[in-house]
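*Asks:*
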Amino acid sequence: NIVSCHHSQVHNQLGTSSQKLGSKQFLSAGMEQLAATVTPRILPVLDTFETINYELSETEYAENEVNNPWVQKLLHAVETSIVWLLPALTVNNYDSFVHFVIDFIIKILEVIMMQKMFNQFGGLQLDRDARALVSHFSNMTQRTASDKIKINLFLLGATTKLTCFF
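Heads up: the sequence shown is residues 933 to 1098, going by my numbering.
#1: Mind reading off the beta-carbon distance from Trp1002 to Thr980? Whole number of angstroms is fine, and I expect it under 8 Å.
#2: Could you tell me the distance, in whole angstroms, from the CA atom of Thr991 to the CA atom of Glu1011?
#3: If I measure Cβ to Cβ from Met963 and keep anything under 7 Å in the same chain, skipping five residues before and after, which residues do I get?
#4: Quick check on His1008: buried or exposed, where buried means 16 or more other Cβ atoms within 10 Å of its Cβ?
#5: By Cβ distance below 8 Å, which residues in the same chain neighbour Val1023 in space, the five residues on each side in sequence not counted?
#6: Using alpha carbons as the reference points, say which of Lys1005, His1068 and Ala961 lies closest to Ile974.
#7: For Glu987 versus Asn1051, is the C-beta distance shorter than 9 Å?
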């Protein structure tokens, strides 16, 4: 059973760490280690982000409104990788865990974004993608994820090479 296998791994990792850290540091380190056990399942979907084009025509932008498979695949990968932990963690611990996963995702997206070019429709698509991520992640936790995602993605998008066609 995948859940009991991961539970055993996590329990072993947390047990050895508890002797080294205070309770708050221990908890944070444990959530970070737990996130590190699930992020490899999300990484393949994040890798596909490299192939996403943000220099879009009006037609491509309109098509993406109906069918945006990259964002949906990422959200599905995140959901299936972490939702099984919800019953096993307290609300605060689950929120911390989700935020560690969000941090991981944002760091990967930032690196990839720095290599992308955008036009006006691409910027609008980035806004749409970020809003979908914000909405989904905000529904997963009690703490707000929107500020973290919006600030990172939109400021990054603003500083990325932008080829606007007005």
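Idealized CB from N, CA, C, for every residue including glycine.
As the structure is a prediction and not an experimental result, all values here were calculated from the model.
*Replies:* Let me spell this out:
#1: Correct: roughly 6 Å between the Cβ atoms.
#2: Thr991 and Glu1011 have their alpha carbons spaced roughly 30 Å apart.
#3: Residues Asn1025, Ser1028, Phe1029 and Phe1032 of the same chain have their beta carbon placed closer than 7 Å to that of Met963, with the five preceding and five following residues left out of the count.
#4: Classification for His1008: exposed.
#5: Within the same chain, Val1023 has close Cβ partners Gln1074.
#6: Comparing C-alpha distances from Ile974 to each of Lys1005, His1068 and Ala961 shows the shortest one belongs to Lys1005.
#7: Judged by their CB atoms, Glu987 and Asn1051 are nearer to each other than the 9 Å cut-off.
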